[in-house]
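Heads up, the sequence shown is in the working numbering, so the first residue is 717 and it goes up one at a time.
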Amino acid sequence: MRALITGSTGFVGPYLKKELESHGYEVFGLDRDNPENLQSVFCGDIRDYGFVEGVLKDVLPDEIYHLAGFSSVKKSFEEPELTAEINVGGTRNVLETVRKFCPKSKILIVSSADVYGNPKKVPINENEETQETSPYSKSRIDQEKLVDEFKDLFIVVSRSFNHTGPGQPEIFVLPDFVKQIVEVEKGIKDPIIFTGDLNVIRDFSDVRDVVKAYYLLLQKGKKGEIYNVGSGNGYNLADLLNKIIVLVAIKIEVKRDPSKMRPVEIMELVADISKIVQDTGWKNSYSMDETMKDLLNYWRLKINI
C-alpha cells in the first residue's frame, strides 16, 4: 500500500508517517519544505496545480491524507485570501488530480472543529450547524463543501478538535504556555508568562492518538461522511496552565497579553465522538497529564542551555 501525506513535514505529518509505516505502508510526502532532505518528500506549493498533478501522477497512492493547510485562526484575519487559496484551492487541486490519475484512491480531508463556531450545546455532534466566525473557519467550511463536487471519489472528512504533543510549534496555545514556563525554569526570563483568554474550554487530544484515528477513518470510515476527532473531554485553559505550573513547582505570575487574543473567540468546543467510536472502534489512549509531561520534557530538551 502506498500513502501520500500532504503537509508531511508539519507537526502531525511525521507522527502519521510513523503510524502508517507500522502498518506496512510505503509513505510519500508533499510539502513546501523538506528539512531532513527526505527522498520520499516532494517539495512545492499545493496551490500550484502542475506541481500537485506531477506528484499524484508519480506516486499513484492508494490512500491520501490531506493535512496541508493554513492552520492559524489568528493569522487568518491578517491573510484571508491566502487562507482560502491554501485550504480550498489546494484541496481542489488534490481532488482534481486524484480524479484524473488515481480515482480509486481513498482520501482523508482534515478539517477543523472551528467550523462549529459558538455551538448551542456541547458536546457537539456532526449534525450541528456550521458557522463562519473567522476567515479560517470559512475556508474549512468551503473545503468541506468540495466533497459534494467529487462524489465519485472516496472521501472522508475529519473535523479535528485541538490536539497537541511533542514537536508542536509555540504558535499554538499549550506549547506557548510550556515554552514560556521552561524559559522561566531555566532562568532565561522573569517568572511571568503572558497568555490570551484563559476562560475558553477546549477538547484536547494527543497527536499520537489523532494519527491512529486518521488511519482508522480510511480503513473503516464511510464514504462521504464527516467525523469528529477529539477526546470528548472539555479542558479549561486556566486549569491546564495551572497543571503545567505545578509540574515545574515554580511560582509564576500570569498576565494577559492583548496581542494573544483572537478578534473573535469561541468559548467552548467539546466533541461528541460517538460516531467515530462506533464506526472505527477508535479510542484515546493518552491522558492529558501524560501529554503535558511529554510536552514539558520536549521543550526542556529543545531549550537546552
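Backbone N, C-alpha and C fix where the C-beta goes; we use that ideal spot for every residue, glycine too.
{"Item": "Do Val945 and Val838 have their CB atoms nearer than 7 Å?", "Value": "no"}
{"Item": "From what residue to what residue does the alpha helix (DSSP H) around Thr1007 run?", "Value": "Met1004 to Lys1018"}
{"Item": "Would you kindly report the start and end of the unbroken alpha helix (DSSP H) that includes Leu956?", "Value": "Leu953 to Val964"}
{"Item": "Rounded to the nearest angstrom, what separates Glu812 and Tyr731 at their Cα positions?", "Value": "27 Å"}
{"Item": "I'd like the list of long-range same chain contacts for Asp913, defined as Cβ closer than 7 Å, with 5 residues on each side in sequence excluded.", "Value": "Met977 and Glu981"}
{"Item": "In terms of residue numbering, what span does the alpha helix (DSSP H) encompassing Tyr930 cover?", "Value": "Val923 to Lys936"}
{"Item": "List the endpoints of the continuous beta strand (DSSP E) containing Asn878.", "Value": "Here Asn878 belongs to no beta strand (DSSP E), and DSSP marks it neither H nor E."}
{"Item": "Between which residues of its own chain and Arg1016 is the CB-CB distance below 7 Å, once the five residues before and five after are set aside?", "Value": "Val898"}
{"Item": "Pick helix, strand or coil for Asn1037, following the three-state DSSP scheme.", "Value": "Look at the range of the chain in this structure, 717 to 1021, and you will see that residue 1037 is not part of it."}
{"Item": "Identify which residue in Phe877, Asp906, Glu779 and Glu848 has its Cα closest to the Cα of Asp988.", "Value": "Phe877"}
{"Item": "Please list, in chain order, all residues of the same chain as Gln896 whose beta carbon is under 6 Å from its beta carbon, the five residues on each side excluded.", "Value": "Ile909"}
{"Item": "Taking all protein chains shown into account, decide if Gly740 is buried (16 or more other Cβ within 10 angstroms of its Cβ) or exposed.", "Value": "exposed"}
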